[in-house]
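Those protein sequence lines, which keep their order, are chains A and B.
Residues 4 to 348, numbered by the numbering used here, are exactly what the first sequence covers, in order.
Residues 6 to 301, numbered by the numbering used here, are exactly what the second sequence covers, in order.
Beta carbons: idealized from backbone N, C-alpha and C, even for Gly.
Below is one structure, written out as structure tokens, with a few remarks after it.
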Amino acid sequence: MSSIHSTARVWSLFALGLLLALLPLALLAGNLFWVNILIYTYLFAGLAVAWNIIGGFGGQFSLGHGVFFAAGAYMTAQLYLRWGISPWLGLIAPALLCAVVGALIFWPTFRLKGSFFAIATLAFNEVGLVMANYLEGITGGPRGLQIPFRAALANMIFADQRIWALLMFAFMALCLAVAIMLMRSRLGYYLLAVREDEEAAHAAGIDVTRVKLLGTALSAALASVGGSLFAMYVRTIDPPTVFSLADIGVKFALLALIGGIGTITGPVLGAFLIIPAESYLRASLGGGLPGMHLVVLGLVMLLAALFMRKGIAGAIEAAWRRWRRPAVRSPQPGATTPASEAGRA
Amino acid sequence: METLLNVLVVGILLGGIYGLVSIGLNLIFGVIRIVNFAQGELVMLGMYGAFLGFSLLKLDPYVSLLIVVPAMFVVGVIIQRVVIQPLQAESSMQIFATFGLLTVLQNLVLVFTRGEGYSVNTAVASLGVSVGEIRITATRLIIFIAVTLIAILLHLFLQKTLLGKSIRAVTQDRQSARLMGINVERTFMITFGIGSALAGLAGVLIAPIYTLSPGIGGNFILAAFAVVVLGGLGSVAGAWAGGMIVGIVEAFAGYYINPELKQAVWFLIFLAVLIVKPSGLFGQVGAEEIGFREQS
Numbered sequence: 004m005s006s007i008h009s010t011a012r013v014w015s016l017f018a019l020g021l022l023l024a025l026l027p028l029a030l031l032a033g034n035l036f037w038v039n040i041l042i043y044t045y046l047f048a049g050l051a052v053a054w055n056i057i058g059g060f061g062g063q064f065s066l067g068h069g070v071f072f073a074a075g076a077y078m079t080a081q082l083y084l085r086w087g088i089s090p091w092l093g094l095i096a097p098a099l100l101c102a103v104v105g106a107l108i109f110w111p112t113f114r115l116k117g118s119f120f121a122i123a124t125l126a127f128n129e130v131g132l133v134m135a136n137y138l139e140g141i142t143g144g145p146r147g148l149q150i151p152f153r154a155a156l157a158n159m160i161f162a163d164q165r166i167w168a169l170l171m172f173a174f175m176a177l178c179l180a181v182a183i184m185l186m187r188s189r190l191g192y193y194l195l196a197v198r199e200d201e202e203a204a205h206a207a208g209i210d211v212t213r214v215k216l217l218g219t220a221l222s223a224a225l226a227s228v229g230g231s232l233f234a235m236y237v238r239t240i241d242p243p244t245v246f247s248l249a250d251i252g253v254k255f256a257l258l259a260l261i262g263g264i265g266t267i268t269g270p271v272l273g274a275f276l277i278i279p280a281e282s283y284l285r286a287s288l289g290g291g292l293p294g295m296h297l298v299v300l301g302l303v304m305l306l307a308a309l310f311m312r313k314g315i316a317g318a319i320e321a322a323w324r325r326w327r328r329p330a331v332r333s334p335q336p337g338a339t340t341p342a343s344e345a346g347r348a
Numbered sequence: 006m007e008t009l010l011n012v013l014v015v016g017i018l019l020g021g022i023y024g025l026v027s028i029g030l031n032l033i034f035g036v037i038r039i040v041n042f043a044q045g046e047l048v049m050l051g052m053y054g055a056f057l058g059f060s061l062l063k064l065d066p067y068v069s070l071l072i073v074v075p076a077m078f079v080v081g082v083i084i085q086r087v088v089i090q091p092l093q094a095e096s097s098m099q100i101f102a103t104f105g106l107l108t109v110l111q112n113l114v115l116v117f118t119r120g121e122g123y124s125v126n127t128a129v130a131s132l133g134v135s136v137g138e139i140r141i142t143a144t145r146l147i148i149f150i151a152v153t154l155i156a157i158l159l160h161l162f163l164q165k166t167l168l169g170k171s172i173r174a175v176t177q178d179r180q181s182a183r184l185m186g187i188n189v190e191r192t193f194m195i196t197f198g199i200g201s202a203l204a205g206l207a208g209v210l211i212a213p214i215y216t217l218s219p220g221i222g223g224n225f226i227l228a229a230f231a232v233v234v235l236g237g238l239g240s241v242a243g244a245w246a247g248g249m250i251v252g253i254v255e256a257f258a259g260y261y262i263n264p265e266l267k268q269a270v271w272f273l274i275f276l277a278v279l280i281v282k283p284s285g286l287f288g289q290v291g292a293e294e295i296g297f298r299e300q301s
């Protein structure tokens, strides 16, 4: 859809969208509670966009992206803790590693379709969890890693939360820019073709496995950067946190699905709806009845799955079409609908 | 030799538990191909059902089966009607919706129990048989016998009865099944109900062994998918064997390699089987494609 638009228009929409996303931070910068929520919102928006590259555009419903997230978190933290390597450099190595190794470990699962692929990648996450608990020398085992608070730009540790908000915002912008560039490139079209019909894509001369590998590599590298940022922000990481299915591994996919899978803006919309709602509900309901906020959130997920198959982005697009329809004057109502829709696309 | 035998017995009994918690999913995922991530929570509900019967009505868990199993059938039918039926043809939306369901069920129980752990007692808890050094508790023996019995009955049900045949028919080709006069929607509903009832039965039978917590379903769900896929989709005997494999591998890996790595070992075996032979060890080749083709 967006790929048909001219370059100038796409990037000005991108800039406009970023300004809009920055607006809540500008308004709430004085409120630490909301700044903290925005930090997570930007981070998870970026992660959902990263997941969406292979999960949405490529149609490979991965539930194993928690592994890349965790690899980024652990490696960046250890590079900093052991050898004093600045996290700014320390986030590059795991990103490259995840791109290469991640693609390689996903490779054998590419022959699996649909839910089998999802279950297999879910198993990766669980193997990761077991190994993180076991390999105490690397991960600190069940106790995890603690990063001492030494605020400095080079340490990527800031006393001012607003700097973190801006950093997470930049991460989201990076992921979005990568996704937009990808979807305007040959590889992007190949990914869509593979998602729509693998056999047809193959018949059309597309190297299906190579396309899936490249898509995974890109997606994994970005997820790893998100993990690195998360580690430096919370400064304490342990296996149940970074390998959590509900909060990490499956969450990326859920945010993308709620927002609108396989669209540029969908994952961001999903994160902007769910992360603040979740944090707010946890603060207002979680104290009295533990778990109540998750009951509400689970119901939202259920209802979204049942009544908003194309997510928020899809619902907005449908509403937009309905709103625009009366403006199009056609001499033969009914017969011209497909043509007029194509004209608007 | 004694140790080896002991580990083997432990593994087989553990395999019984894995087989039992998977047998409902074997029907729901293995036969009608619904990706139900909330299956572990159905087992959890069964456990809490046993606890309710035990604490309110002073029922022995084995007696409360008479109430819990039919109740879980109804729960399954409702879930199928409300959540699964509208998403019949969309497997990624099923993952999403059942994950939402999992979150709701798990946290509803958390809200009601306030996170307190419960345990269920039974009259047979202290019983057991000893063969030399090896001791087998009655609760685990009952589970092993139950899973074996249910596997045989379920196999006969699917192969011999009219309803069993129509369940297999709607999985293979919905359109033709409808033309043959099968009520497709009703068949799916009943199958999901039976799968849920079996999960409830598993929950009741394992309730005396585990401490009850709202998140306990999470311990079973990946194991259950592993068992169903390992054994072979839609093969009841395969699922029984899959449970045994997972249990025995876990027991041996835990004893001879490292207790912390025991699960990683069968995860890797599961992944290997999934990748090399997605139809499972005892499944028909190509079985993984059935039911996922586009159907109207």
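Going along the chain, which residues of the region 100-112 of chain B sit with their C-beta nearer than 7 Å to a C-beta in chain A?
-> Of all residues in the region 100-112 of chain B, I100, F101, A102, F104, G105, L106, T108, V109, N112 have a Cβ within less than 7 Å of some Cβ in chain A.
Quickly, what does DSSP pair B/V136 with across the bridge? List them, please.
-> As DSSP reads the structure, B/V136 sits in a beta bridge with B/I139.
Would you mind stating whether A/A308 and B/M98 have Cβ atoms separated by less than 8 Å?
-> Going by C-beta atoms, A/A308 is nearer than 8 Å to B/M98.
Which value, in whole angstroms, describes the spacing of the CA atoms of B/A151 and B/Q93?
-> Those two C-alpha atoms are separated by around 31 Å.
B/L266 at chain A interface by Cβ criterion, 8 Å | Answer yes: the Cβ-Cβ gap between B/L266 and chain A drops below 8 Å somewhere.
The region 111-122 of chain A: which residues have C-beta closer than 8 Å to a C-beta of chain B, in chain order?
-> Of all residues in the region 111-122 of chain A, the ones placed with a Cβ closer than 8 Å to any Cβ belonging to chain B are P111, T112, R114, L115, K116, G117, S118, F119, A121, I122, in chain order.
Under 6 Å Cβ to Cβ from A/I299, same chain only, skipping five residues before and after it: list those, please.
-> The sequence given here has Val at residue 299 of chain A, not Ile. Within the same chain, L284 come within 6 Å of A/V299 by CB-CB distance, once the 5 residues on both sides are set aside.
Which chain B residues are close to A/N397, counting only those with a beta carbon under 8 Å from its beta carbon?
-> In the structure as shown, chain A starts at 4 and stops at 348, and residue 397 of chain A therefore has no counterpart that could be examined.
Could you check if B/T8 is buried or exposed, using at least 16 other CB atoms within 10 Å of its CB as the buried criterion?
-> Exposed is the call here.
Can you check whether the CB of A/S222 is closer than 8 Å to the CB of A/P97?
-> Taking 8 Å as the cut-off, the Cβ atoms of A/P97 and A/S222 do not count as close.
Does the distance from the C-beta atom of B/M77 to that of B/G51 stay below 8 Å?
-> Yes, the Cβ-Cβ distance between B/M77 and B/G51 is below 8 Å.
Under 7 Å by beta carbon: chain B residues contacting A/G143 | Here the premise fails: no neighbours, minimum Cβ distance about 14 Å.
8 Å Cβ cutoff, A/L16 in contact with chain B | False, the Cβ-Cβ gap to chain B never drops below 8 Å.
Residues that A/M311 contacts on chain B, provided the C-beta gap is smaller than 9 Å = Neighbours of A/M311 on chain B: none; closest Cβ ~10 Å, over 9 Å.
Bridge partners of A/Q81, per DSSP?
-> DSSP output for A/Q81 lists no bridge partner at all.
Interfacial residues, the region 291-308 of chain A to chain B, with Cβ spacing under 7 Å | When CB distances to chain B are screened at a threshold of 7 Å, the residues of the region 291-308 of chain A falling below it are L292, P293, G294, M295, L297, V298, L300, G301, L302, M304, L305, A308, in chain order.
For A/S5 and chain B, any beta-carbon pair shorter than 8 Å?
-> In this predicted model, A/S5 has a pLDDT of only 44, less than 50, meaning its place in the structure is not dependable; the value taken from the coordinates is given anyway. With a threshold of 8 Å between beta carbons, A/S5 makes no contact with chain B.
Is the beta carbon of A/L305 sitting closer than 8 Å to the one on B/A102?
-> With contacts defined by Cβ atoms closer than 8 Å, A/L305 and B/A102 form a contacting pair.
Would you say A/Y236 and A/V214 are within 8 Å of each other, going by their C-beta atoms?
-> Judged by beta-carbon spacing, A/V214 lies beyond the 8 Å limit of A/Y236, meaning their Cβ atoms are not closer than that value.
Within chain B, partners of A/F64 - CB distance below 8 Å = Simply S97, I100.
Of all the options B/L167, B/T176, B/V14, which has the alpha carbon lying nearest to the alpha carbon of B/I39?
-> B/T176 is the residue among B/L167, B/T176, B/V14 whose C-alpha sits nearest the C-alpha of B/I39.
Shorter than 8 Å from the beta carbon of B/L286 to some beta carbon of chain A?
-> It does not: the Cβ of B/L286 has no partner Cβ on chain A nearer than 8 Å.
Among residues of its own chain, excluding the 5 on either side of B/N126, which ones have a beta-carbon nearer than 6 Å to its beta-carbon?
-> Nothing meets the Cβ criterion.
Rounded to whole angstroms, what's the CA-CA distance from A/A53 to A/A182? Just pull it up for me.
-> Near 8 Å, if we compare the C-alpha coordinates of A/A182 and A/A53.
Throw me the rounded Cβ distance for the B/I100 and A/F64 pair, which I believe falls under 8 Å.
-> Between A/F64 and B/I100 the Cβ distance is about 7 Å, and since that is below 8 Å, they are a contact.
Are there 16 or more other CB atoms within 10 angstroms of the CB of A/F36, so buried, or fewer, so exposed?
-> Exposed, because fewer than 16 other Cβ atoms sit within 10 Å of the Cβ of A/F36.
Which value, in whole angstroms, describes the spacing of the CA atoms of B/H160 and B/S69?
-> Rounded to whole angstroms, the gap between the alpha carbons of B/H160 and B/S69 is 25 Å.
Could you tell me the distance, in whole angstroms, from the CA atom of B/L18 to the CA atom of B/L227?
-> Distance between the alpha carbons of B/L18 and B/L227: 19 Å.
Compute the Euclidean distance between the alpha carbons of B/L106 and B/V26, then round it to the nearest angstrom.
-> Taking the straight line from one Cα to the other gives about 18 Å.
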